[in-house]
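S.K.: Encoded as structure tokens, here's the structure I'll be asking about.
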Amino acid sequence: MSAPLLEVRDLHKHYPVRGGVFSRTMGTVRAVAGVSLSVHAGQTLGLVGESGCGKSTLGRTLMRLEEPTSGQVLFDGQDLAQASGEALFKLRREVQMVFQDPYSSLNPRLTVGEIVREPMLVHGLGSKAEQVARVRDLLATVGLGADALQRYPSEFSGGQRQRIGVARALSLNPRLVIADEPVSALDVSVQSQVLNLMVQLQRDRGLAYVFISHDLSVVEHVSDVVAIMYLGRIVEMGPVRAIFDRPAHPYTRALMQAIPAGDPRRRRASVPLSGEAPSPMAVLPGCAFASRCPYALEACRQAAPALESMGAAPAGGTPHVVACIRRDEIGNAAANPG
Numbered sequence: 007m008s009a010p011l012l013e014v015r016d017l018h019k020h021y022p023v024r025g026g027v028f029s030r031t032m033g034t035v036r037a038v039a040g041v042s043l044s045v046h047a048g049q050t051l052g053l054v055g056e057s058g059c060g061k062s063t064l065g066r067t068l069m070r071l072e073e074p075t076s077g078q079v080l081f082d083g084q085d086l087a088q089a090s091g092e093a094l095f096k097l098r099r100e101v102q103m104v105f106q107d108p109y110s111s112l113n114p115r116l117t118v119g120e121i122v123r124e125p126m127l128v129h130g131l132g133s134k135a136e137q138v139a140r141v142r143d144l145l146a147t148v149g150l151g152a153d154a155l156q157r158y159p160s161e162f163s164g165g166q167r168q169r170i171g172v173a174r175a176l177s178l179n180p181r182l183v184i185a186d187e188p189v190s191a192l193d194v195s196v197q198s199q200v201l202n203l204m205v206q207l208q209r210d211r212g213l214a215y216v217f218i219s220h221d222l223s224v225v226e227h228v229s230d231v232v233a234i235m236y237l238g239r240i241v242e243m244g245p246v247r248a249i250f251d252r253p254a255h256p257y258t259r260a261l262m263q264a265i266p267a268g269d270p271r272r273r274r275a276s277v278p279l280s281g282e283a284p285s286p287m288a289v290l291p292g293c294a295f296a297s298r299c300p301y302a303l304e305a306c307r308q309a310a311p312a313l314e315s316m317g318a319a320p321a322g323g324t325p326h327v328v329a330c331i332r333r334d335e336i337g338n339a340a341a342n343p344g
């Protein structure tokens with residue numbers, strides 16, 4: 007397999023927590039704690055986790071909307087995390103973002119034509135006539151007519167606004183799009199339209215996606231590779247079928263219970279969870295999931311497990327890796343529920 011388009015190495019994003027009269031630092035929230043992953047051209051990486059796990063922060067840090075505390079974000083061999091000035095400006099043309107909320111992510115004072123054209127103005131791409139022509143083409147690509155050019159975001163439905171957001175993200179012809187919960191604010195019927203649009207655009211343009219979501223059924227539909235995130239860390243990652251057919255981390259298995267299973271053969275025994283997730287400010291010596299895990303051993307509380315492979319990796323493919331000392335036992339139980 008060729009070199010990845012995006013490679014993230016040991017990325018951290020910390021936020022200081024201040025308090026008291028003098029606003030002293032009282033602690034640190036470790037929103038992203040040592041994430042490593044890769045995305046190849048034309049591939050979709052689905053990033054999954056419950057609210058507060060750090061997945062949106064990771065997406066914004068990849069875009070440099072948040073400054074990383076440490077680590078590398080390599081895009082086509084260039085480090086986005088360290089780039090500045092003209093180098094960062096050029097890299098931003100290659101990496102764009104679709105935001106979660108189609109209502110607040112569009113400027114209500116600009117027309118749709120101005121919103122989609124604005125990135126081209128900023129980067130000085132083409133003449134005014136060429137920019138307007140490209141805006142028309144992009145709106146047609148996402149299923150909106152030329153009459154949308156002079157209208158304002160308030161005149162459109164949620165699904166239409168998200169299509170405008172997709173058109174804006176594509177205006178610079180990027181190679182990677184980070185989609186942060188792009189359909190979570192939409193009705194179910196509209197979700198499928200936007201998802202199908204994104205899949206079709208990927209086929210036509212060879213786009214790579216980092217698709218952030220808490221909805222596993224959506225992630226299963228669009229992803230090639232899935233990464234499961236818990237308290238700022240990747241706890242399981244691998245090809246989509248390996249994750250859904252043989253989940254080997256107890257947290258992944260628990261998330262699977264949220265998927266309504268229409269096929270009785272895919273139903274799994276419930277994995278009981280108890281307690282609350284630890285504070286992201288806590289520094290734990292062992293596995294962060296141990297306090298909620300029904301499979302936890304004393305060893306789980308002593309040392310944090312590293313991501314290790316579930317058997318031999320496929321030739322040229324993405325390995326299935328899990329951060330759990332009981333991964334083989336749990337994975338075999340998931341693969342053979344009877």
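Everything in the sequence shown is counted per our numbering, starting at 7 for the first residue and increasing by one.
Glycine included, C-beta positions come from ideal geometry on N, C-alpha and C.
(1) Out of Q208, R142, V241, R239, point me to the one whose CA is closest to D230's CA.
(2) Taking the alpha carbon of H255 as the reference point, which residue from Q308, P284, L313 has its own alpha carbon closest?
(3) Below 7 Å between beta carbons: does that hold for S177 and M103?
(4) Taking only three categories from DSSP, how would you classify I249?
(5) For a minimum of 3 consecutive residues, which ranges assigned as the beta strand (DSSP E) are wholly contained in the segment 98-144?
(6) Between the segment 211-220 and the segment 172-186, are three or more C-beta pairs nearer than 8 Å?
(7) In terms of residues, what are the limits of the beta strand (DSSP E) holding A233?
(8) Is D16 closer than 7 Å to G55 when the C-beta atoms are compared?
(9) Quick one: what's T50 bridged to in DSSP?
(10) According to DSSP, is M287 helix, strand or coil?
(11) With a Cβ-Cβ cutoff of 7 Å, do L86 and L97 count as a contact?
(12) Any chance the segment 162-174 sits against the segment 194-203, with 3 or more Cβ pairs inside 8 Å?
(13) Tell me whether the beta-carbon of C59 lies closer than 7 Å to the beta-carbon of M204.
(14) Rounded to whole angstroms, what's the CA-CA distance from T154 to Q106? Just pull it up for me.
(15) Using 10 angstroms around the beta-carbon of Q206, count the other beta-carbons present and answer buried if the total reaches 16, otherwise exposed.
(16) Distance check for S280 and C299, CA to CA, integer angstroms please.
(17) Shortest alpha-carbon distance to A233 belongs to which of G26, H20, L53?
(18) Count the other CB atoms, across all protein chains shown, that sit within 10 Å of the CB of L303; report buried if there are 16 or more and exposed otherwise.
(19) Does DSSP classify I331 as helix, strand or coil?
(20) Would you mind sorting R259 into buried or exposed? The rule is 16 or more other CB atoms within 10 Å of its CB.
(21) Look up A185 in the DSSP assignment and give the residues it is bridged to.
(22) Mind checking G317: buried by the 16 CB within 10 Å criterion, or exposed?
M.R.: Answer, in terms of the structure:
(1) Translated into the one-based positions of the sequence shown, residue 230 becomes position 224. Cα-wise, what sits closest to D230 is Q208.
(2) Along the sequence shown, one-based indexing puts residue 255 at 249. Comparing Cα positions, the closest option is L313.
(3) Stepping through the sequence shown from its first residue, residue 177 is reached at position 171. Stepping through the sequence shown from its first residue, residue 103 is reached at position 97. Not a contact, by the Cβ cut-off of 7 Å.
(4) The residue labelled residue 249 in the question sits at position 243 within the sequence shown. Of the three classes helix, strand and coil, the one that applies to I249 here is helix, per DSSP.
(5) Complete beta strand (DSSP E) runs here, min 3: 101-104.
(6) Three or more beta-carbon pairs drawn from the segment 211-220 and the segment 172-186 are found closer than 8 Å, and the two stretches are therefore classed as touching.
(7) For this step, residue 233 is matched to residue 227 along the sequence shown. Residues 231-236.
(8) In the sequence shown, the residue the question calls residue 55 occupies position 49. In the sequence shown, the residue the question calls residue 16 occupies position 10. Taking 7 Å as the Cβ cut-off, G55 and D16 do not qualify as a contacting pair.
(9) Locating residue 50 in the sequence shown gives position 44, where the first residue counts as 1. T50 pairs with Y215.
(10) What you label residue 287 is simply residue 281 of the sequence shown in a count that begins at 1. Looking at M287 - three-state DSSP - the assignment turns out to be coil, as it is neither helix nor strand.
(11) Along the sequence shown, read from residue 1 onward, the residue named residue 86 stands at position 80. Along the sequence shown, read from residue 1 onward, the residue named residue 97 stands at position 91. Yes, these two residues count as a Cβ contact at 7 Å.
(12) Short answer: they touch.
(13) Translated into positions along the sequence shown, residue 59 becomes position 53. Translated into positions along the sequence shown, residue 204 becomes position 198. No.
(14) Numbered from its first residue, the sequence shown carries residue 154 at position 148. Numbered from its first residue, the sequence shown carries residue 106 at position 100. What sits at residue 154 in the sequence shown is Ala, not Thr. Those two C-alpha atoms are separated by around 21 Å.
(15) Position 200 of the sequence shown, counted from the start, is the residue given in the question as residue 206. In the assembly as shown, Q206 is an exposed residue. Its beta-carbon has fewer than 16 other beta-carbons within 10 Å.
(16) Position 293 of the sequence shown, counting from 1, holds the residue named residue 299. Position 274 of the sequence shown, counting from 1, holds the residue named residue 280. Roughly 8 Å between the two C-alpha positions.
(17) Stepping through the sequence shown from its first residue, residue 233 is reached at position 227. Answer by Cα proximity: L53.
(18) Residue numbering aside, residue 303 sits at position 297 when the sequence shown is read from its first letter. Result: exposed.
(19) In the sequence shown, counting from the first residue as 1, residue 331 sits at position 325. Note: I331 maps to coil in three-state DSSP.
(20) Start at 1 with the first residue of the sequence shown, and residue 259 comes out as number 253. Buried, by the Cβ-count rule.
(21) The residue labelled residue 185 in the question sits at position 179 within the sequence shown. Paired residues: V104, F217.
(22) Residue mapping note: residue 317 aligns to position 311 of the sequence shown, counting from 1. Exposed: under 16 other Cβ atoms inside 10 Å.
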